[in-house]
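FYI, in the numbering used here the residues of the sequence shown are 597 to 863.
Taking it in order: structure first as structure tokens, then the write-up.
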Amino acid sequence: MQEKNPTKLSAKQLRFVDEYLVDFNATAAAKRAGYSEKTAAVIGHENLRKPYISKHISEKVSALAMSSEEALIRISEFARSSLNEYFTIRQLPYTPKVEKRLAELIDDLRKEIEFEDKYAAAAGLSDKELETHRSAQQDRKRQIVRYEIEFEQNPNATRIVDGPTQLIDVPELDMAKLVADKEKGKIKSITPTQFGTKVELYAADAALINIAKILGLFEKDNAYKHEHTGKDGAPLQAPVTFISADSLTPEQLQEYIKAAIGDTSEL
Numbered sequence: 597m598q599e600k601n602p603t604k605l606s607a608k609q610l611r612f613v614d615e616y617l618v619d620f621n622a623t624a625a626a627k628r629a630g631y632s633e634k635t636a637a638v639i640g641h642e643n644l645r646k647p648y649i650s651k652h653i654s655e656k657v658s659a660l661a662m663s664s665e666e667a668l669i670r671i672s673e674f675a676r677s678s679l680n681e682y683f684t685i686r687q688l689p690y691t692p693k694v695e696k697r698l699a700e701l702i703d704d705l706r707k708e709i710e711f712e713d714k715y716a717a718a719a720g721l722s723d724k725e726l727e728t729h730r731s732a733q734q735d736r737k738r739q740i741v742r743y744e745i746e747f748e749q750n751p752n753a754t755r756i757v758d759g760p761t762q763l764i765d766v767p768e769l770d771m772a773k774l775v776a777d778k779e780k781g782k783i784k785s786i787t788p789t790q791f792g793t794k795v796e797l798y799a800a801d802a803a804l805i806n807i808a809k810i811l812g813l814f815e816k817d818n819a820y821k822h823e824h825t826g827k828d829g830a831p832l833q834a835p836v837t838f839i840s841a842d843s844l845t846p847e848q849l850q851e852y853i854k855a856a857i858g859d860t861s862e863l
């Protein structure tokens, strides 16, 4: 049933307005406001078309006192965003697996037996420790016998064993920074999965299109129509050609935006 000139927004509509101002995404705002996943896209679009909701959004924007420059900066952050800024590099020990021939393994075990005997003699082990030492040495000698028998049968036999431990760079997700930026509206979603944390950023091309809308580059995408005149208000002498945002690549959008703001740096 059609609403008749409501003067007060419902709690859900107020929540929609607040969420819409986070990222200006009507569908996402509707979902976060509590509307169902199936109807969020339709309701989000309808809410923006309702005069009393649109008016409330305008009032909230005015209250926030965000200038067009600030809005441009914020959306530009979406366009520049990258997951790289949420990773830190730590050095961690890593032991790779390597392939060794049986002859090498036999030689390694003999050296280990010799070293452990020297250590036991120099360390002054207790009777219980000596018993443990002798048992470990016996295990090493038995392993040599096993390798020697197998080596006689197959001189080319190998084993996959631990190699030398080394330090490697390991990227780790900075969850604290990620959650903080999610609260600020810079991250679209953070979802735990069986394979790890799934992070979704706002699409850079969508952010570029929003920048283009703010700059008024695409008439068909503007919420309001603008009057275009020439010098001193006189009619334009040549027709103005407008370009659809949908027909441009993100790279082309960047070029149009930089030209519009007179910027030579990268967005």
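Just so you know, even glycine gets a beta-carbon here, dropped at the ideal spot from N, CA and C.
Inset, instruction - Within the same chain, show all residues whose beta-carbon is closer than 7 Å to that of E615, passing over the 5 residues directly before and after it, in chain order. - result: A625, R628 and A629
Legend entry - Y743 beta carbon near the ligand ATP (any heavy atom closer than 8 Å): Looking at this structure, you won't find the ligand ATP or any other ligand, since it has none at all.
Legend entry - Inter-stretch contact (C-beta, 8 Å, three-pair minimum) for the stretch 650 to 659 and the stretch 733 to 746: no
Legend entry - Nearest-angstrom Cα separation, counted from K724 out to A717: 14 Å
Legend entry - Extent of the continuous beta strand (DSSP E) to which F683 belongs: F683 to Y690
Legend entry - Cα-Cα separation between H641 and V694, rounded to whole angstroms: 59 Å
Inset, instruction - Evaluate the contact criterion for the stretch 739 to 757 versus the stretch 769 to 777: three or more CB pairs, one atom per stretch, below 8 Å. - result: no
Inset, instruction - Look up P760 in the DSSP assignment and say whether it is helix, strand or coil. - result: coil
Inset, instruction - Take I685 and list the residues in its own chain whose beta-carbon comes closer than 8 Å to its own, dropping the five residues that flank it on each side. - result: D765, V766, P767 and E768
Inset, instruction - Kindly indicate which three-state DSSP category K634 falls into: helix, strand or coil? - result: coil
Legend entry - Distance, P760 Cα to P689 Cα: 10 Å
Inset, instruction - Kindly indicate the opening and closing residues of the alpha helix (DSSP H) around S785. - result: Run containing S785: none in the alpha helix (DSSP H); it sits in the beta strand (DSSP E), I783 to T789.
Legend entry - A636, buried or exposed, once every other Cβ within 10 Å from all chains shown has been counted against 16: buried
Legend entry - The alpha helix (DSSP H) enclosing L610, as first and last residue numbers: A607 to D619
Inset, instruction - Please go through the same chain and pick out, in chain order, the residues whose beta-carbon is closer than 6 Å to the beta-carbon of R611, but skip the five residues on each side of it. - result: A629
Legend entry - Nearest-angstrom beta carbon gap, L797 and F747 [assumed within contact, 8 Å]: About 56 Å separates the two Cβ atoms, so there is no contact after all.
Legend entry - For T691 and L763, the rounded distance between their alpha carbons: 9 Å
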